[in-house]
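*Asks:*
Chains as they are written, first to last, in this note's numbering: chain E, 1 to 245; chain H, 246 to 573.
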């Protein structure tokens, strides 16, 4: 019980002090809007093309919303030593890191539904398989957040967190099949696509929104789960190795 | 290791290396329950590394730690509910108010909302911060930040409190207030592990002191025992402008019963077993071109012991530490 009191309070503090700040909320709204607008104009396919764009915009909104904030906040707290206070608390490291990541997961999920809400007014979403779409959004948010955690543990400066995040995010965005189909990628790049978590998330989203998916949903979701567990375990290992050395 | 109930902290053969550097080299000591234990040493001696290992923020390479009877070597985080830690730098959240910071720290220990609030209010009162409770921590003065950091370390009423340089870089009034608070905590039965570079602070507050130099403990003793051999000593400190080389040699030849040291330019320290006559010394110095500005009889203190053990002048150590503190 005591550890969940700590968990809840860490989550609430992070939401209040980092995630629910006006600049972060406006970024969460503007970013998906800008991406939607950009691809909408580029595709010249009219309102009918929105359904094809939606999975990409949703995934990118989650990816950018989670990785950058988490990597920056954890690095910032590590730098000003307030993270030490958390490490001194009598809570298991796994619970502590879950508490620190939960805020980013919630924000990432909320970000994902900004373009969805916009799309409701512009196109027909009645055929979307929400039972697959929602779990996919959640798993992409978790995987992206844990990727942010992995980055945060690997760097010591806030600016390094941003740079290192982009090192993962941009290649992932173009190789995961969100905007360019994987089968149209050069042969040498194709294998890379399949080692990226977002590839599996994007595949589910495409399938859920307009039916065009490469792998069965069960495979996509299972691989996403494996990425979540792997990244979390690796991050915890790195925290123990480098922060409690 | 024995499991004596009166031992709050038990350390045996603790070693910590950072690459090729041995930061802590096989130290061992016991801290008794309710004791105020001082851990003194020059900068870089291994004080903070030791605290980090004791509090679970660093892992020892070898050696054993028991906190409140719990083997922390096997379970590094198992004793964390027993300890409170006040680091050498304030590490609370600048964007939260004083009250919110304390409530948040209490929540980390699983305290319920009502209790968190009551304890936070009480500590804010005790530390004289009630009027600033709704102000953001980032807007606090250095002394206020230090006080709130100590309050945060005590919010869960720990049995053992680790205080790392609690009075560094704060004004005299706040430092005095903090010392009084530390004394009160000690009287209330809290075990306190204190590191400081203010020797007089350690002398005034501590029951026992361990001196650590280059990662090794060179002496552990009660303050009373440490001071005993020097209580009968007479010390005179002369401030003067020294112009002559080899003045110390000349002084020793002229006054063979006295011990002379020149710890820094412009200061001559004289020690003797019998009272020291000031007149002949001052005359001798002035005859040798030293312009004497002050001659002061000193009470032998723990500082003398520290200097003799470590070979380090405390004034130099203090300046270095304060410079470092300002840079932070």
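Positions of the beta carbon are idealized from the N, C-alpha and C atoms, including for glycine. This one's a predicted model, so the numbers in the text were calculated from it and none came from an experiment.
#1: Any Cβ of chain E within less than 8 angstroms of the Cβ of residue 573 of chain H?
#2: Please state whether the Cβ-Cβ distance between residue 393 of chain H and residue 407 of chain H is less than 8 angstroms.
#3: Taking the alpha helix (DSSP H) that residue 309 of chain H belongs to, which residues open and close that run?
#4: At 8 angstroms on the CB atoms, spell out the chain E contacts of residue 252 of chain H, in chain order.
#5: Note down, in chain order, all residues in the stretch 304-334 of chain H with a beta-carbon under 9 angstroms from any beta-carbon belonging to chain E.
#6: Should the stretch 17-35 of chain E be called in touch with the stretch 176-184 of chain E, which here means at least 3 C-beta pairs below 8 angstroms?
#7: Could you have a look at residue 362 of chain H and say whether DSSP puts it in helix, strand or coil?
#8: Just how far apart, CA to CA, sit residue 91 of chain E and residue 186 of chain E?
#9: What I want to know is whether the C-beta of residue 413 of chain H ends up closer than 7 angstroms to one or more non-hydrogen atoms of the ligand MN.
#10: Between residue 328 of chain H and the rest of its own chain, which residues show a CB-CB distance below 7 angstroms, the 5 nearest in sequence each way excluded?
#11: Look up residue 174 of chain E in the DSSP assignment and give the residues it is bridged to.
#12: Can you tell me whether residue 5 of chain E is buried or exposed? The criterion is at least 16 other CB atoms within 10 Å of its CB, across all chains shown.
#13: Just to confirm before moving on: does the CB-CB distance between residue 512 of chain H and residue 484 of chain H stay below 8 angstroms?
#14: Closer than 7 angstroms by beta-carbon distance: list the chain E residues that pair up with residue 340 of chain H, in chain order.
#15: Short of 7 angstroms in beta carbon distance, which residues of its chain neighbour residue 115 of chain E, apart from the five on each side in sequence? Order them along the chain.
#16: By Cβ distance below 7 angstroms, which residues in the same chain neighbour residue 246 of chain H in space, the five residues on each side in sequence not counted?
#17: What is the DSSP secondary structure of residue 291 of chain H, reduced to helix, strand or coil?
#18: At a Cβ threshold of 8 angstroms, is residue 245 of chain E touching chain H?
#19: Closer than 7 angstroms by beta-carbon distance: list the chain H residues that pair up with residue 100 of chain E, in chain order.
#20: On the criterion of 16 or more Cβ atoms from any shown chain inside 10 Å, does residue 232 of chain E qualify as buried, or is it exposed?
#21: Going along chain E, which residues have a C-beta under 7 angstroms from residue 396 of chain H?
#22: By the 10 Å Cβ neighbour count, where 16 or more other Cβ atoms means buried, how is residue 250 of chain H classified, buried or exposed?
#23: Out of H:347, H:554, H:262 and H:416, which one is the CA nearest neighbour of residue 363 of chain H?
#24: How about residue 354 of chain H: is its C-beta nearer than 8 angstroms to some C-beta of chain E?
#25: Using the Cα positions of residue 158 of chain E and residue 71 of chain E, report the straight-line distance between them to the nearest angstrom.
#26: Indicate whether at least one CB of chain E lies closer than 8 angstroms to the CB of residue 264 of chain H.
#27: Counting only Cβ pairs nearer than 9 angstroms, list the residues of chain H close to residue 2 of chain E.
#28: For residue 439 of chain H and residue 515 of chain H, what's the separation of their Cα atoms in angstroms?
#29: With contact counted as at least three CB pairs below 8 angstroms, one residue from each stretch, are the stretch 96-104 of chain E and the stretch 136-156 of chain E in contact?
#30: Under the three-state reduction of DSSP, which class applies to residue 538 of chain H: helix, strand or coil?
#31: So the alpha helix (DSSP H) residue 390 of chain H belongs to, where does it begin and stop?
#32: My understanding is that residue 273 of chain H touches residue 458 of chain H, with C-beta atoms under 8 angstroms, so please give their C-beta distance in whole angstroms.
#33: Taking C-beta to C-beta, are residue 282 of chain H and residue 451 of chain H nearer than 8 angstroms?
#34: Beta-carbon of residue 372 of chain H versus every beta-carbon of chain E: anything under 8 angstroms?
#35: Nearest-angstrom Cα distance between residue 411 of chain H and residue 85 of chain E?
#36: Which runs of the alpha helix (DSSP H) fall wholly inside the stretch 460-537 of chain H and span at least 4 residues, in chain order?
*Replies:* Per the coordinate set shown:
#1: At residue 573 of chain H the pLDDT is 43, less than 50, meaning the model places this residue with poor confidence; the figure from the coordinates comes in the next sentence. Residue 573 of chain H does not count as touching chain E.
#2: Against a cut-off of 8 angstroms, the Cβ pair of residue 407 of chain H and residue 393 of chain H comes out as no contact.
#3: First-last for residue 309 of chain H: 307-312, but that is the beta strand (DSSP E), not the alpha helix (DSSP H).
#4: Taking a Cβ-Cβ threshold of 8 angstroms, none of the residues of chain E is close to residue 252 of chain H; the smallest such distance is about 21 angstroms.
#5: Cβ contacts with chain E come from 304, 321, 322, 323, 324, 325, 326, 327, 328, 329, 330, 332 and 334.
#6: Here the stretch 17-35 of chain E makes no contact with the stretch 176-184 of chain E; the two share fewer than three CB pairs at distances below 8 angstroms.
#7: Residue state, collapsed to three classes: helix.
#8: In a straight line, the C-alpha of residue 91 of chain E is about 48 angstroms away from that of residue 186 of chain E.
#9: Looking at this structure, you won't find the ligand MN or any other ligand, since it has none at all.
#10: Correct list, in chain order: 300, 312, 403, 405 and 407.
#11: DSSP lists no bridge partner for residue 174 of chain E.
#12: Classification of residue 5 of chain E: buried, given that the 10 Å Cβ count is 16 or more.
#13: Cβ atoms of residue 512 of chain H and residue 484 of chain H: closer than 8 angstroms.
#14: Near residue 340 of chain H (Cβ distances below 7 angstroms), the residues of chain E are 17.
#15: Closer than 7 angstroms at Cβ, skipping near neighbours: 32, 36, 54, 57, 58 and 61.
#16: Because residue 246 of chain H sits at a pLDDT of 44, beneath the cut-off of 50, its placement in the model cannot be relied upon, and the point is left open.
#17: Three-state DSSP puts residue 291 of chain H in coil, outside helix and strand.
#18: Chain H contact via Cβ: present.
#19: Contact note: residue 100 of chain E does not reach chain H at a C-beta cutoff of 7 angstroms; the least C-beta distance is about 12 angstroms.
#20: Using a 10 angstroms sphere on the CB of residue 232 of chain E, the tally of other CB atoms reaches 16 or more, which defines it as buried.
#21: Within 7 angstroms Cβ-Cβ: nothing; residue 396 of chain H doesn't reach chain E, min ~13 angstroms.
#22: Any reading at residue 250 of chain H needs caution, since the residue's pLDDT is 49, under 50, leaving its predicted position unreliable; the model's value is listed next. By the Cβ neighbour-count rule, residue 250 of chain H is exposed, with fewer than 16 other Cβ atoms within 10 Å of its own.
#23: Out of H:347, H:554, H:262 and H:416, the CA that lies nearest to the CA of residue 363 of chain H is found in H:347.
#24: Closer than 8 angstroms to the CB of residue 354 of chain H there is at least one CB belonging to chain E.
#25: So the two alpha carbons sit approximately 8 angstroms from each other.
#26: It does not: the Cβ of residue 264 of chain H has no partner Cβ on chain E nearer than 8 angstroms.
#27: In chain order: 326, 354, 355 and 356.
#28: Taking the straight line from one Cα to the other gives about 31 angstroms.
#29: With the cut-off at 8 angstroms, the stretch 96-104 of chain E and the stretch 136-156 of chain E touch.
#30: Reduced to three states, the DSSP call for residue 538 of chain H is strand.
#31: That run of the alpha helix (DSSP H) goes 387-399.
#32: About 15 angstroms separates the two Cβ atoms, so there is no contact after all.
#33: In this structure, residue 451 of chain H lies closer than 8 angstroms to residue 282 of chain H by Cβ.
#34: Residue 372 of chain H does not count as touching chain E.
#35: The straight-line gap from Cα to Cα measures roughly 16 angstroms.
#36: If one requires a minimum length of 4 residues, the alpha helix (DSSP H) runs lying completely within the stretch 460-537 of chain H are 468-476, 492-499 and 523-532, in chain order.
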